[in-house]
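Here the structure comes first, spelled out in structure tokens, and everything after it is commentary.
Protein chains: 2
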Amino acid sequence: MDSDSRTQEPKELDLRHVMVERLMHYYHFIASLSNNTAGDSVTSTQIARLMHIDDSLVRKDLAEIGVRGHSGHGFRCEDVLEAIRRTLGFSKRLRAVIIGAGRLGGALASYGSFQQYGVEICGVFDIAPHKVRLMFGGYQIQPMTSLPIVVKQMGVCIAILTVPPEAAQDAANRALDAGVRGIWNFSNASLEVPEGVVVRNEHMSIGLAELGYRLRRGRMGHDT
Amino acid sequence: MDSDSRTQEPKELDLRHVMVERLMHYYHFIASLSNNTAGDSVTSTQIARLMHIDDSLVRKDLAEIGVRGHSGHGFRCEDVLEAIRRTLGFSKRLRAVIIGAGRLGGALASYGSFQQYGVEICGVFDIAPHKVRLMFGGYQIQPMTSLPIVVKQMGVCIAILTVPPEAAQDAANRALDAGVRGIWNFSNASLEVPEGVVVRNEHMSIGLAELGYRLRRGRMGHDT
DNA sequence: TAGATTGTTAATCGATTAACAATC
DNA sequence: TAGATTGTTAATCGATTAACAATC
Numbered sequence: 101m102d103s104d105s106r107t108q109e110p111k112e113l114d115l116r117h118v119m120v121e122r123l124m125h126y127y128h129f130i131a132s133l134s135n136n137t138a139g140d141s142v143t144s145t146q147i148a149r150l151m152h153i154d155d156s157l158v159r160k161d162l163a164e165i166g167v168r169g170h171s172g173h174g175f176r177c178e179d180v181l182e183a184i185r186r187t188l189g190f191s192k193r194l195r196a197v198i199i200g201a202g203r204l205g206g207a208l209a210s211y212g213s214f215q216q217y218g219v220e221i222c223g224v225f226d227i228a229p230h231k232v233r234l235m236f237g238g239y240q241i242q243p244m245t246s247l248p249i250v251v252k253q254m255g256v257c258i259a260i261l262t263v264p265p266e267a268a269q270d271a272a273n274r275a276l277d278a279g280v281r282g283i284w285n286f287s288n289a290s291l292e293v294p295e296g297v298v299v300r301n302e303h304m305s306i307g308l309a310e311l312g313y314r315l316r317r318g319r320m321g322h323d324t
Numbered sequence: 101m102d103s104d105s106r107t108q109e110p111k112e113l114d115l116r117h118v119m120v121e122r123l124m125h126y127y128h129f130i131a132s133l134s135n136n137t138a139g140d141s142v143t144s145t146q147i148a149r150l151m152h153i154d155d156s157l158v159r160k161d162l163a164e165i166g167v168r169g170h171s172g173h174g175f176r177c178e179d180v181l182e183a184i185r186r187t188l189g190f191s192k193r194l195r196a197v198i199i200g201a202g203r204l205g206g207a208l209a210s211y212g213s214f215q216q217y218g219v220e221i222c223g224v225f226d227i228a229p230h231k232v233r234l235m236f237g238g239y240q241i242q243p244m245t246s247l248p249i250v251v252k253q254m255g256v257c258i259a260i261l262t263v264p265p266e267a268a269q270d271a272a273n274r275a276l277d278a279g280v281r282g283i284w285n286f287s288n289a290s291l292e293v294p295e296g297v298v299v300r301n302e303h304m305s306i307g308l309a310e311l312g313y314r315l316r317r318g319r320m321g322h323d324t
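Residue numbers (this note's numbering), protein chains in the order written: chain A, 101 to 324; chain B, 101 to 324.
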């Protein structure tokens, strides 16, 4: 009922995780392209080179989301951007709250470019009474007791958890009770949530550990 | 020359990205298990259930890093943890600096659990003269001009970039010139780096976009 | 036209799962 | 022993790549 079918493909495609990530990269690259240099076209080979992947994969991805290119010339940037926006649903706004007014919460609150992807932060909450009412990355910190009202009134569907791990499950429970359906979890605790709730864990240390791993074994080229 | 061969497998295994992530998850789960409840054993099925993957995959992964289980009983937690530490090289300390003393930089500086994975933050840097010397997440902010000295003297090999996108390439260049070999990039700019440098981009919005995507299409179960 | 690039199929590669004999 | 769980091979599944005719 909201699958927007201006172009040829209204078919409900169920993108795997890895493809959503690629689309985001394409989007990002092309968006910065068309700001700067920008002819208004881009070829699969250009994108592929930038991302260190095969050009036919790019074409396949773009075909899948219904963009048509032009033989001999490539793809119109605007077509690609538009198709990605449509596929990922950027135009359907989602509202989010941040729970946990620590440094990380602050960083996310003042981040700003979430808008661009259709997500709007509409409140920051914290349990600590002394933090309540303080201004914080452009938001006034609210007490956890106001969470249910805000979530209901504004139709919030995402809770961004930037609380310490011990507090994470409780925060998640409150948010879910209030009506949230998705959780972006920055505490690295594993959450138990009911069926149907979408959770995305952003387990920072995993990134660092992977970087570390690659570094420790990259014996060659070292000590330049 | 430092491939630590206490157990049977000194063979240089080159883990793919996805397996490193799984190992980190195993590590994390088992570590929290053995803190709390903990018998000191764990079965492949337990781990698999927690992670929503197949139990034979767990056994395969563990076999690959040289852990032996015990038929009928599972794996000794300590064996698994030790093997993962060895494989990912946690005991080989790596030093890192944070460039960019903003909120995110602060969050990472005060994060604390990087130690656990063998990475030690040993300085925070910023270009803004008025920030220099301020205390920040336990570190005194240093001017960018001190970067080369610190990197050299302390043998720093990772730069964590928490600067705005416009400043990212420059910060990366300075860090690389100073001798860093790996970059953990939180600015979402794409960096150009010479051959052999290890870069890991932590492009926040990608996580959010993916969460959003799954949420927008999870029509069922919504509006509980 | 000649040159470039798409769209798409078939081939390849790699990762996950199923199955089960061996072990404790 | 009976029950549980490993270790491992073969089968399956899915994703990437190679190749090339069709198109502009």
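We put the beta carbon where it would ideally sit given N, CA and C, even for glycine. Given the structure is predicted, the values throughout are model-derived calculations rather than measurements.
Reduced DSSP secondary structure (H/G/I, E/B, other) of residue i
i	result
A:Ser290	coil
A:Leu261	strand
B:Ile221	strand
B:Val280	coil
A:Ser141	strand
B:Phe129	helix
A:Asp154	coil
B:Asp226	strand
B:Tyr313	helix
A:Leu194	strand
B:Val67	Since the first residue shown for chain B is 101 and the last is 324, residue 67 of chain B is missing from the structure and cannot be characterised.
A:Val298	strand
CB contact check: residue i to chain B, cutoff 9 Å
i	result
A:Lys192	yes
A:Val219	yes
A:His128	yes
A:Ser287	no
A:Asp155	no
A:Gln269	no
A:Ser305	yes
A:Arg168	no
A:Leu261	no
A:Arg317	yes
A:Gln253	no
A:Gln216	yes
Proximity to residue i [Cα-Cα], best of the options
i	options	result
B:Val218	B:Leu234, B:Leu208, B:Arg193	The sequence given here has Gly at residue 218 of chain B, not Val. The residue with the shortest Cα to Cα distance from B:Gly218 is B:Arg193.
A:Val250	A:Phe286, A:Leu204, A:Ala196	A:Ala196
B:Val120	B:Asp270, B:Phe286, B:Phe190, B:Val256	B:Phe190
A:Val298	B:Ala275, B:Ala278, B:Glu310	B:Glu310
B:Gly223	B:Ala275, B:Ile130, B:Glu266	B:Ala275
B:Glu164	B:Ala209, B:Lys252, B:Ile184	B:Ile184
A:Val256	B:Gly312, B:Gly169, B:His152, B:Ala148	B:Gly312
B:Lys252	B:Gly200, B:Pro264, B:Ala278	B:Ala278
B:Gln269	B:Val280, B:Ser290, B:Glu220, B:Gly174	B:Ser290
A:Pro229	A:Met235, A:Gly238, A:Pro243, A:Ile221	A:Pro243
A:Gly72	A:Ala201, A:Val142, A:Arg149, A:Val263	The question about residue 72 of chain A has no answer here: the residues shown for chain A are numbered 101 through 324.
B:Gly307	A:Asp154, A:Ala271, A:Leu188	A:Leu188
B:Arg186	B:Phe175, B:Ser171, B:Val167	B:Val167
B:Val142	B:Ser210, B:Val263, B:His173, B:Gly206	B:His173
is_contact[residue i, chain A] using C-beta, thresh 9 Å
i	result
B:Phe225	no
B:Tyr239	no
B:Cys46	Residue 46 of chain B falls outside the range modelled here, since chain B spans only 101 to 324, and no answer is possible.
B:Glu302	yes
B:Glu182	no
heavy atom of the ligand HEM below 8 Å from residue i C-beta
i	result
B:Phe225	Among the components modelled here there is no ligand, and therefore nothing to report on the ligand HEM.
| said: At 4 residues or longer, what runs of the alpha helix (DSSP H) sit wholly inside the segment 163-187 of chain A? | reply: Correct list: empty.
Three or more C-beta pairs closer than 8 Å, one from the segment 207-223 of chain A and one from the segment 210-217 of chain B: is that the case here? no
With three or more beta-carbon pairs closer than 8 Å as the criterion, would you say the segment 244-263 of chain B touches the segment 154-163 of chain B? The answer is no - the segment 154-163 of chain B does not touch the segment 244-263 of chain B, with fewer than three Cβ pairs under 8 Å.
Next on the checklist: Measuring CB atoms only, is the segment 271-286 of chain A touching the segment 299-308 of chain A, in the sense that at least three cross pairs come out at less than 8 Å?
Outcome noted: yes
Quiz item: Is there contact here, the segment 178-185 of chain A with the segment 123-132 of chain A, by at least three beta-carbon pairs under 8 Å?
Solution: yes
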